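> In order, the protein sequence lines correspond to chains X and D. Numbering that gives the first Met the number 0 numbers the first residue of the first sequence as 0 and each following residue consecutively. Numbering that gives the first Met the number 0 numbers the first residue of the second sequence as 0 and each following residue consecutively. Backbone N, C-alpha and C fix where the C-beta goes; we use that ideal spot for every residue, glycine too. Please read these numbers as outputs of a predicted model, since none were measured by experiment.
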Amino acid sequence: MTVVYFIIVMILLFIFDLKDLKKKKQKKEMVIYATMMILVGILGVFYFVNPERQSFSEIILSLIGQ
Amino acid sequence: MTLVYSPAIRLFPVFIAETSEKAGWLTPFFAVLPYIGLVYLIQEFFKKHNDKNLSDIFFSVLGNIGGRFVLCFYWLWMMVLLGLYVRYFAERFLMALIPNSSMNFFTVTILAVVFYAVRGGFVALTRTTEYLFLTFTVIFIILFVLSIGNIEIINLFPVTHYDILPLIKSCYVLLGIWAYFTFIFFLADKMNDKEHIKRFGMQGGLYLVIMAFVILVQTIGEYGHTVVKRVPLPYFSVIKGISVLKTIERIESVVLACWVFVDFVIISVFIYIITSIIKSFFSLSETKSFVSPITMFAFVFSNYIARNRFELENFSNICLALNIFLGFIVPFFIFVIGKLRKRI
């Protein structure tokens, strides 16, 4: 359920901000903004589909041998 | 100074009680020396570049590619810190007040408020923080004065020359937090009076030393180092123990309210710093819209960063090391390279 709400909020923000950037004709900002939103969306779906996966701190701590 | 209040309360007493034991309250006087060095360093950065920010200094000293490479590390690290602070905000409520509630309730609430405030503008945030900073300081002093009666001198003395090495080791946690002084200069293009960084930095340093000293004296002085190193939020426990004429008690809600606002400021400032870094990295004209992906990232990452408080605390120890590296050591190398290349 969290992933659904997350995607809905992302899409709403995406539309709202993209409209603003289009009005100001900021193409470069639009491309970078869209890329960042897509990457954050992928991270969000990746995490919320399985919240019990290995956490970020667990990965880092295991890499440094703790 | 507002930025360090929350991590100071959370980290200083436990870590310092474990390392320096009874003498821990002297740690700020040792840690201030590298901080003074950092203030002088930052002043040197902006002597010839009064209208620039730290990202521009990196580009000036290291060139476009080198500057972007270093900036990338700062960008990623600030994103991790942002997620960490959002997580700690929620964890504090779960630890101290409402343990069986959903963490996402707290993270969504704070991020919604921050999102609204950050889009409103930097000036509004700084003006609000300026006024409320005085309120915090007054409340902080009042709470210290009220807790003086509970402090036992036997918990703070004796201090001998054998404590010098542990005191130097415990500077690690103070410097890990005071390193945020460097990060705020990513917003230096929005700051005035950069020719007085030394003066403001020293005044800030004095405040930081007094604040850390007070927190340590209150916690170690009241409960002793053996208890403080085992309690999750010892400062909170000290405030809970304050009783005025056995009538006015349970004033920890005042501290919690201050803490909430301080976390709001930290999260907002970190978002501003990240948008500033993105603006410099990609040479953009405007970054207001980028608050949305950064806030969404903060929400996801605050969940993903750790599964429980123990992992989070273990991870925080690494965070201190990286803060010192990015806040003290990298600026020092930038300074040396800048002087050799005559860019600073």
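Ignoring anything shorter than 4 residues or poking outside the region 238 to 313 of chain D, list the alpha helix (DSSP H) runs there in chain order.
Runs of the alpha helix (DSSP H) inside the region 238 to 313 of chain D: 251 to 281 and 290 to 303.
> Which same chain residues, not among the five before or five after VAL227(D), have their C-beta less than 7 Å away from its C-beta?
Sequence index remark: in the second sequence, residue 227(D) carries index 228 (1-based). Cβ within range, chain order: PRO12, VAL13, ALA16, THR218, ILE219 and PRO233.
> What residues in the region 296 to 316 of chain D have a beta carbon less than 7 Å from any beta carbon of chain X?
The residues in question are PHE296, VAL299, ASN302, TYR303, ILE304, ALA305, ARG306, GLU310, LEU311, ASN313 and PHE314.
> In chain order, what residues of the same chain lie with their CB nearer than 7 Å to the CB of LYS278(D), ignoring the 5 residues before and after it?
By 1-based counting over the second sequence, the position of residue 278(D) is 279. Hits under 7 Å: THR286.
> Closer than 9 Å by beta-carbon distance: list the chain D residues that pair up with LEU27(X), in chain order.
As a first step, residue 27(X) must be located in the first sequence, where it is residue number 28. Note that residue 27(X) is Lys in the sequence shown, not Leu. Within chain D, the residues near LYS27(X) are PHE281, SER282, LEU283 and SER284.
> DSSP three-state call for PHE332(D): helix, strand or coil?
Start at 1 with the first residue of the second sequence, and residue 332(D) comes out as number 333. In the structure shown, PHE332(D) sits in a helix (DSSP, three-state: H, G or I).
> Quick one: does TYR4(X) have its CB under 7 Å from some CB of chain D?
The residue labelled residue 4(X) in the question sits at position 5 within the first sequence. Chain D, which has no Cβ nearer than 7 Å to the Cβ of TYR4(X), makes this no.
> Could you pull the start and end residues of the alpha helix (DSSP H) that MET201(D) belongs to?
Residue 201(D) sits at position 202 when you count from the first residue of the second sequence. Unbroken alpha helix (DSSP H) run through MET201(D): 196 to 222.
> At the 7 Å Cβ level, is SER59(D) part of the contact set with chain X, yes or no?
As a working mapping, residue 59(D) is identified with position 60 in the second sequence. Chain X, which has no Cβ nearer than 7 Å to the Cβ of SER59(D), makes this no.
> I'd like to check one pair, PHE298(D) with LEU70(D): are the Cβ atoms closer than 7 Å?
In the second sequence, counting from the first residue as 1, residue 70(D) sits at position 71. In the second sequence, counting from the first residue as 1, residue 298(D) sits at position 299. Cβ distance not < 7 Å, so LEU70(D) and PHE298(D) don't count as in contact.
> Looking only at C-alpha atoms, which of PHE331(D), THR274(D) and VAL230(D) sits nearest to ARG9(D)?
Walking along the second sequence from the start, residue 9(D) turns up at place 10. Among PHE331(D), THR274(D) and VAL230(D), the Cα nearest to that of ARG9(D) is on VAL230(D).
> Hey, which unbroken runs of the alpha helix (DSSP H) at 4 residues or more fall wholly within the region 19 to 101 of chain D?
The qualifying runs are 26 to 44 and 53 to 95.
> From the beta carbon of SER61(X), is the nearest beta carbon of chain D less than 7 Å away?
Translated into positions along the first sequence, residue 61(X) becomes position 62. No - not a single Cβ of chain D is within 7 Å of the one on SER61(X).
> Applying a beta-carbon distance threshold of less than 9 Å, which residues of chain X neighbour ASN103(D)?
For this step, residue 103(D) is matched to residue 104 along the second sequence. Under the 9 Å cutoff, chain X gives THR1.
> Could you spell out where the alpha helix (DSSP H) holding GLY326(D) opens and where it closes?
Counting from one through the second sequence, the residue named residue 326(D) turns up at place 327. Per DSSP, GLY326(D) belongs to no alpha helix (DSSP H) and is neither H nor E.
> Just how far apart, CA to CA, sit LEU40(D) and GLU251(D)?
Locating residue 40(D) in the second sequence gives position 41, where the first residue counts as 1. Locating residue 251(D) in the second sequence gives position 252, where the first residue counts as 1. Answer to the nearest angstrom: the Cα atoms are 39 Å apart.
> With 16 other CB atoms within 10 Å as the buried threshold, where does THR106(D) fall?
Residue numbering aside, residue 106(D) sits at position 107 when the second sequence is read from its first letter. Buried is the call here.
> Taking beta-carbon pairs under 9 Å, can you tell me which members of the region 4 to 33 of chain D lie near chain X?
Result list empty, no residue passes.
> Would you mind telling me which residues of chain D sit closer than 9 Å to ILE31(X), beta carbon to beta carbon, in chain order?
As a working mapping, residue 31(X) is identified with position 32 in the first sequence. Here the neighbours are ILE277, PHE281, LEU283 and PHE289.
> How about LEU86(X): is its C-beta nearer than 7 Å to some C-beta of chain D?
The structure shown does not extend to residue 86(X), since chain X spans only 0 to 65, so no value can be given for it.
> Could you give the residue range of the alpha helix (DSSP H) that holds ALA33(X)?
The residue you call residue 33(X) lines up with position 34 of the first sequence. Looking at the DSSP string, the run of the alpha helix (DSSP H) that includes ALA33(X) is 26 to 48.
> Are the Cβ atoms of PHE47(X) and VAL2(X) separated by less than 7 Å?
Here residue 47(X) refers to the residue found at position 48 when the first sequence is read from its first residue. Here residue 2(X) refers to the residue found at position 3 when the first sequence is read from its first residue. Going by C-beta atoms, PHE47(X) is nearer than 7 Å to VAL2(X).
> Mind listing the chain D neighbours of VAL48(X)? Cutoff is C-beta to C-beta under 7 Å, in chain order.
Residue 48(X) sits at position 49 when you count from the first residue of the first sequence. The premise fails here: VAL48(X) is roughly 12 Å from chain D at the closest Cβ pair, so nothing lies under 7 Å.
> Looking at the structure shown, is ARG229(D) part of a helix, part of a strand, or coil, going by DSSP?
By one-based count along the second sequence, residue 229(D) stands at place 230. Coil.
> Can you find a CB in chain X that lies within less than 7 Å of the CB of PRO292(D)?
Here residue 292(D) corresponds to residue number 293 of the second sequence, with the count starting at 1. PRO292(D) counts as touching chain X.
> Going by the CB atoms, is the gap between ILE304(D) and ARG86(D) shorter than 7 Å?
Translated into positions along the second sequence, residue 86(D) becomes position 87. Translated into positions along the second sequence, residue 304(D) becomes position 305. Yes. Within cutoff.
> Are the C-beta of VAL44(X) and some C-beta of chain D separated by less than 7 Å?
Here residue 44(X) refers to the residue found at position 45 of the first sequence. With 7 Å as the cut-off, VAL44(X) does not count as an interface residue toward chain D.
> I'd like to know whether the C-beta of LEU12(X) is nearer than 7 Å to at least one C-beta of chain D.
Looking up residue 12(X) in the first sequence gives position 13. LEU12(X) counts as touching chain D.
> From which residue to which residue does the alpha helix (DSSP H) around ASP19(X) run?
Counting from 1 along the first sequence, the entry for residue 19(X) is found at position 20. Looking at the DSSP string, the run of the alpha helix (DSSP H) that includes ASP19(X) is 1 to 22.
> To the nearest whole angstrom, what separates the beta carbons of ILE167(D) and PHE29(D), a pair I think is in contact under 8 Å?
Here the question's residue 167(D) lines up with position 168 in the second sequence. Here the question's residue 29(D) lines up with position 30 in the second sequence. Rounded, the Cβ-Cβ distance is 6 Å, consistent with contact.
> Taking DSSP as the reference, what is the three-state secondary structure of GLY337(D)?
Locating residue 337(D) in the second sequence gives position 338, counting from the first residue. Looking at GLY337(D) - three-state DSSP - the assignment turns out to be helix.
> Which class does ARG9(D) belong to by DSSP, given the choice of helix, strand or coil?
For the purposes of this step, residue 9(D) is taken as residue 10 along the second sequence, with counting starting at 1. If DSSP states are grouped into helix, strand and coil, ARG9(D) belongs with the helices.
> Starting from the Cα of GLY203(D), find the closest Cα among ASN302(D), TRP177(D), LEU186(D) and PHE296(D) and give me that residue.
Locating residue 203(D) in the second sequence gives position 204, where the first residue counts as 1. That would be TRP177(D), whose Cα lies nearest to the Cα of GLY203(D).
> Would you mind reading off the limits of the alpha helix (DSSP H) that contains THR127(D)?
Stepping through the second sequence from its first residue, residue 127(D) is reached at position 128. THR127(D) -> alpha helix (DSSP H) spans 121 to 146.
> PHE199(D): which of ILE35(D), ASN99(D) and PHE88(D) sits nearest, CA to CA?
The residue labelled residue 199(D) in the question sits at position 200 within the second sequence. The candidate whose alpha carbon is nearest that of PHE199(D) is ILE35(D).
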